[in-house]
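J.: Structure provided below as structure tokens; questions to follow.
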């Protein structure tokens, strides 16, 4: 357990970066779910036969709109998503209605343009947050390894010459590189 606290002490100077990584991870999860939700829910609603130029209406979240016989295969997988709506139906309804009021228009083509734009922006933000998270995580990981190697180097420079006569330098080098790489992985 002592070893883990020593390794964590090397991470301590980078705590601000770890908070940013956590924020990028949360934003990635949010935009990933948003992109899937917009793709499924709005495209399904847009291409349903019942769409007849409707504007935003308040419907209960657990009401399922019946589809024609052509859409039965699609409904099997989409019903699983609809069942998830019931878990937090109040919050889901509020979010759904506010997004519908932004996206749904009287004209199908205008609605399709807005849905495509929303899907593009959701995927863009998801991928940007994932890229920034990975970039920052790699930077912190490399900096921690550099800090460990620098501390080992300082320690090896301060050891007496008799230590190097008793131990082979190849063995010491192997230990330094292999152990630091093991910590990195």
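In the numbering used here, the protein residues as written are 1119 to 1303.
Note that CB positions come from ideal geometry on N, CA and C, so glycine has one too.
How long is the line joining the alpha carbons of residue 1236 and residue 1139, rounded to whole angstroms?
T.: Along the chain shown, read from residue 1 onward, the residue named residue 1236 stands at position 118. Along the chain shown, read from residue 1 onward, the residue named residue 1139 stands at position 21. Those two C-alpha atoms are separated by around 25 Å.
J.: Taking one C-beta from the segment 1127-1137 and one from the segment 1257-1273 each time, how about it: are there three or more such pairs within less than 8 Å?
T.: The segment 1127-1137 is in contact with the segment 1257-1273.
J.: Name the two residues that bound the continuous alpha helix (DSSP H) containing residue 1271.
T.: Translated into positions along the chain shown, residue 1271 becomes position 153. Taken as a continuous stretch (DSSP letters only), the alpha helix (DSSP H) holding residue 1271 covers 1226-1276.
J.: Which of the three DSSP states is assigned to residue 1136 in this structure?
T.: In the chain shown, counting from the first residue as 1, residue 1136 sits at position 18. Helix.
J.: Rounded to the nearest angstrom, how far is the Cβ of residue 1241 from that of residue 1153, given a contact under 8 Å?
T.: Stepping through the chain shown from its first residue, residue 1241 is reached at position 123. Stepping through the chain shown from its first residue, residue 1153 is reached at position 35. Contact holds; Cβ gap of about 5 Å.
J.: Look at the Cβ atom of residue 1298, then the Cβ atom of residue 1233, and state whether they are nearer than 8 Å.
T.: Reading the chain shown from its first residue, position 180 is the one you call residue 1298. Reading the chain shown from its first residue, position 115 is the one you call residue 1233. Their beta carbons are not under 8 Å apart, which means residue 1298 does not touch residue 1233 by this criterion.
J.: Look at the alpha carbon of residue 1271 and the alpha carbon of residue 1134, and state the distance between them as a whole number of angstroms.
T.: Sequence index remark: in the chain shown, residue 1271 carries index 153 (1-based). Sequence index remark: in the chain shown, residue 1134 carries index 16 (1-based). If I take the Cα positions, the gap works out to 27 Å.
J.: Applying the 10 Å Cβ sphere with the 16-neighbour rule, what's the burial state of residue 1142?
T.: Within the chain shown, the letter at position 24 stands for residue 1142. Looking at its Cβ environment, which holds 16 or more other Cβ atoms inside 10 Å, residue 1142 is buried.
J.: Straight-line CA distance for residue 1212 to residue 1219?
T.: If you number the chain shown from 1, residue 1212 lands on position 94. If you number the chain shown from 1, residue 1219 lands on position 101. Going from the Cα of residue 1212 to the Cα of residue 1219 covers about 11 Å.
J.: Can you grab the Cα-Cα spacing for the pair residue 1283 / residue 1149, in whole Å?
T.: What you label residue 1283 is simply residue 165 of the chain shown in a count that begins at 1. What you label residue 1149 is simply residue 31 of the chain shown in a count that begins at 1. Spanning the two alpha carbons is a distance of roughly 59 Å.
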